[in-house]
Every structure is written in structure tokens, then in C-alpha cells.
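Engineer: When the sequence shown is numbered by this note's numbering, its final residue is 291 and no position is left out of the sequence of numbers.
Take this structure first; my questions come after.
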Amino acid sequence: MDTDLLRAFVTVSECQGFSAAGKVLHRTQSAMSLQIKRLEDQMRQPLFERTSRSVLLTAAGERLLPYARHMLKLEDEAKGLLKGEAHGEIIRLGTSEEQAATYLPDLLPRFSAQFPHIQLEVQCDISDTLVKRFQEGLLDVVLSVRHKPTQSGQLLGWEPMVWVIAEHASLAQWPTLPLALNPEGCIFRAHALSALGREEKRWKLRYVSQSPTGINIPVQNGLALTVKTPRSLPPGCRIVTEADGLPDLGHVEIELHQRPGHSSEAFQAFCQALEEVVSDHSAIACPEFKQ
1 MDTDLLRAFV TVSECQGFSA AGKVLHRTQS AMSLQIKRLE DQMRQPLFER
51 TSRSVLLTAA GERLLPYARH MLKLEDEAKG LLKGEAHGEI IRLGTSEEQA
101 ATYLPDLLPR FSAQFPHIQL EVQCDISDTL VKRFQEGLLD VVLSVRHKPT
151 QSGQLLGWEP MVWVIAEHAS LAQWPTLPLA LNPEGCIFRA HALSALGREE
201 KRWKLRYVSQ SPTGINIPVQ NGLALTVKTP RSLPPGCRIV TEADGLPDLG
251 HVEIELHQRP GHSSEAFQAF CQALEEVVSD HSAIACPEFK Q
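Structure follows, in C-alpha cells:
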């Protein structure tokens, strides 16, 4: 059985669409459709039910899926063995700078001890941009804050958003609240402006930066307030409580995106380790964090 066809089958199943699967495998939608048609001809029965809005597995497709995944895993393991214990394998991780600073110090020693020959490429950006790169096949794993429903995101849990100011600062010193926020497209920025609008609070956007450093410096110097999760509280800053009169910001969803059809032992171990590190940190910083 052609494993290229099986990889296309597994990827279409996990992406729930031919176009999204094609982006992951760097193929056109028509090429993906042709591969699935060839596999269906070999199986002598349809594997997907196609509608104008969705692509779902048939009963035969559901029976085939676990076998296809197992065969791909065996193929990846065999290739890795012949290459010399996965020499040359690269895992491309996308995450925010603040998530990287929180999780990588625990993740990297744990993972590299088990797989010392794996090369890790880390790209830091805002979540929305990282998810788009993942959907284009440019990243293998993305840890992100959910901005909108996606077909690939696995929900890990929730974290609260909090207002943050310098320890020596007071909201009373600002008739108009000066804000330091990420560029447009960031969900933290959207929640902050929406919450202030509902409460009819006066505000002014004073500092905009994609980098945490560009946000933290004005906040740490008492020049602005911002929005973060508790794990990202900068030194010299404090969380503003409800008693200070600012509106509640709610929670954000943390999700993990994994490249479909990638079943090497190292890749699966990396994703599992990342999930465990995120859960461990979040449970400590936020007791209501759930899986």
C-alpha cells in the first residue's frame, strides 16, 4: 500500500478538508483529491463523505484510519533508524516570546536528554500569525492563544487575563488610562479595548509593540498599564485587582497545533512533553486551569 496515499488520507482526515491538507503537505487541492481517489479505488469503497461545507470519514474511512496512522509511524521509525537514530530531523515550533520564556527552560532539557540529535527551530510571534504559518505548512507545532475556532487546534486549557501596572504606580494618577498593547490582531488587545468600552472608561493607546520588551519597559516604569496572563507578570509589576475598578477581562483558551501525518517517535514525544510542561506551569500559576 502506497504510504504517500495513506499520508494524504490521514492529513485530510485531521485537517477535515482537502485545501487545508494540501497546504500542510505542500500540494494543490486537486492533487490531494486525486490521491484520495486513487486510495479509494484501491480500497474499492469511498473513504470520505464530501459536502459543500465539510469532509467527513465514512465507516470504511474510520476503520482504515488507525491502521494508516500505525503504518505511517512504522515508516517514520524505519527511516529514522536507517538515518542513524533520527539524525537530521527538524521540529519547527511556533510560540509567543512570553510562552517561550516560561516553558522552554523546562521543556528543552527534558526533551534533549531523550532525543539529543533533534534540531529544534523556534519562531516567536503573535498567535494569529503563527497559526497562519502552521496552516501554510511552515511550522510543525504551534502553542497559541485561540483567536477563533480552527480545525487543527487541540484545547489544553484556560488562563485568565489580568491588568498589569508597575508596583509603584496607581490608577488614580491617570484620568485617562495609558495603554501598552500588542499590534492589532492580538486577542489580549481586543479584550482590553472591548472591556474598557463596555465600562465607558477613558483610555489612550500610548505604546504598541509586538515584542514583550517593548510592552514591559513602559509598564515597569509606571508609564502605562497592559494585559497579560499571571505567568507573564514582569519584574517590578503587580496585578490590578477588581477593587481598583477595572473591568474583568475573562479568560483565553490555550491550544496546541500538531502537523498532521507527522508520527515520528521524537515528534510525538516533543508534543507530549510540551503539553505536560504547559499543564504543570498553568496548574501552579492558575488553579482553575483545566485540561
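Where a beta carbon is used, it is the ideal one built from N, C-alpha and C, also for glycine.
According to DSSP, what are the bridge partners of A166?
Structural biologist: For the purposes of this step, residue 166 is taken as the residue at position 166 of the sequence shown. Answer is C237.
Engineer: For the alpha helix (DSSP H) holding P247, just list the boundary residues, first then last.
Structural biologist: Taking the sequence shown and counting its residues from 1, one reaches residue 247 at position 247. No alpha helix (DSSP H) holds P247; DSSP gives it neither H nor E.
Engineer: Just list the beta strand (DSSP E) runs in the segment 87 to 158, keeping only unbroken ones of 3 residues or longer that don't cross its boundaries, in chain order.
Structural biologist: Listed in chain order, the complete beta strand (DSSP E) runs (minimum 3 residues) inside the segment 87 to 158 are 90 to 95, 119 to 124, 141 to 145.
Engineer: Do S144 and S127 have their C-beta atoms within less than 8 Å of each other?
Structural biologist: Here the question's residue 144 lines up with position 144 in the sequence shown. Here the question's residue 127 lines up with position 127 in the sequence shown. Contact flag set, yes.
Engineer: Do you know whose CA, among C237, R7, H26, K79, lies nearest L139's CA?
Structural biologist: Indexing the sequence shown from 1 puts residue 139 at position 139. L139 has its Cα closest to that of H26, out of C237, R7, H26, K79.
Engineer: Given that a residue counts as buried once 16 or more other Cβ atoms are within 10 Å of its Cβ, and exposed if not, what is G153?
Structural biologist: Working through the sequence shown from its first residue, we reach residue 153 at position 153. With 16 or more other Cβ atoms within 10 Å, it is buried.
Engineer: In whole angstroms, what is the alpha-carbon distance linking P230 and A21?
Structural biologist: Position 230 of the sequence shown, counted from the first residue, corresponds to residue 230. Position 21 of the sequence shown, counted from the first residue, corresponds to residue 21. Roughly 36 Å separates the two Cα atoms.
Engineer: Going by DSSP, which residues form a beta bridge with Y207?
Structural biologist: Indexing the sequence shown from 1 puts residue 207 at position 207. Y207 is bridged to A180.
Engineer: Which residue wins for smallest C-alpha separation from V24, given the options Q258, A266, E253?
Structural biologist: Against the sequence shown, residue 24 aligns to sequence position 24. Minimum Cα distance to V24 is reached at Q258.
Engineer: Using a Cβ-Cβ cut-off of 8 Å, state whether L130 counts as contacting chain C.
Structural biologist: Absent from the structure is chain C; it holds one protein chain and no more.
Engineer: With DSSP as the reference, label P160 as helix, strand or coil.
Structural biologist: Sequence index remark: in the sequence shown, residue 160 carries index 160 (1-based). Note: P160 maps to strand in three-state DSSP.
Engineer: Touching or not, the segment 163 to 171 and the segment 219 to 229, by the rule of three or more beta carbon pairs under 8 Å?
Structural biologist: Taking 8 Å as the limit for Cβ pairs, the verdict is that the segment 219 to 229 does touch the segment 163 to 171.
Engineer: List, from N- to C-terminal side, the alpha helix (DSSP H) runs of 4 residues or more that fit wholly inside the segment 9 to 58.
Structural biologist: For the segment 9 to 58, whole alpha helix (DSSP H) runs of length 4 or above, ordered along the chain, are 18 to 25, 29 to 43.
Engineer: Looking at the unbroken alpha helix (DSSP H) that takes in T213, where does it start and where does it end?
Structural biologist: Residue mapping note: residue 213 aligns to position 213 of the sequence shown, counting from 1. Run containing T213: 212 to 220, per the alpha helix (DSSP H) assignment.
Engineer: Which residues in the same chain have their Cβ closer than 6 Å to the Cβ of R202, if we skip the five residues on either side of it in sequence?
Structural biologist: As a working mapping, residue 202 is identified with position 202 in the sequence shown. Result list for R202: T176, in chain order.
Engineer: Within 10 angstroms of its Cβ, does P183 collect 16 or more other Cβ (buried), or is it exposed?
Structural biologist: Taking the sequence shown and counting its residues from 1, one reaches residue 183 at position 183. P183 should be labelled exposed.
Engineer: Count the other CB atoms, across all protein chains shown, that sit within 10 Å of the CB of L64; report buried if there are 16 or more and exposed otherwise.
Structural biologist: Counting from one through the sequence shown, the residue named residue 64 turns up at place 64. L64 comes out buried.
Engineer: Specify the secondary structure class of R198 as computed by DSSP and reduced to three states.
Structural biologist: On the sequence shown, residue 198 is found 198 positions in, with the first residue counted as 1. DSSP places R198 in helix when its eight states are reduced to three.
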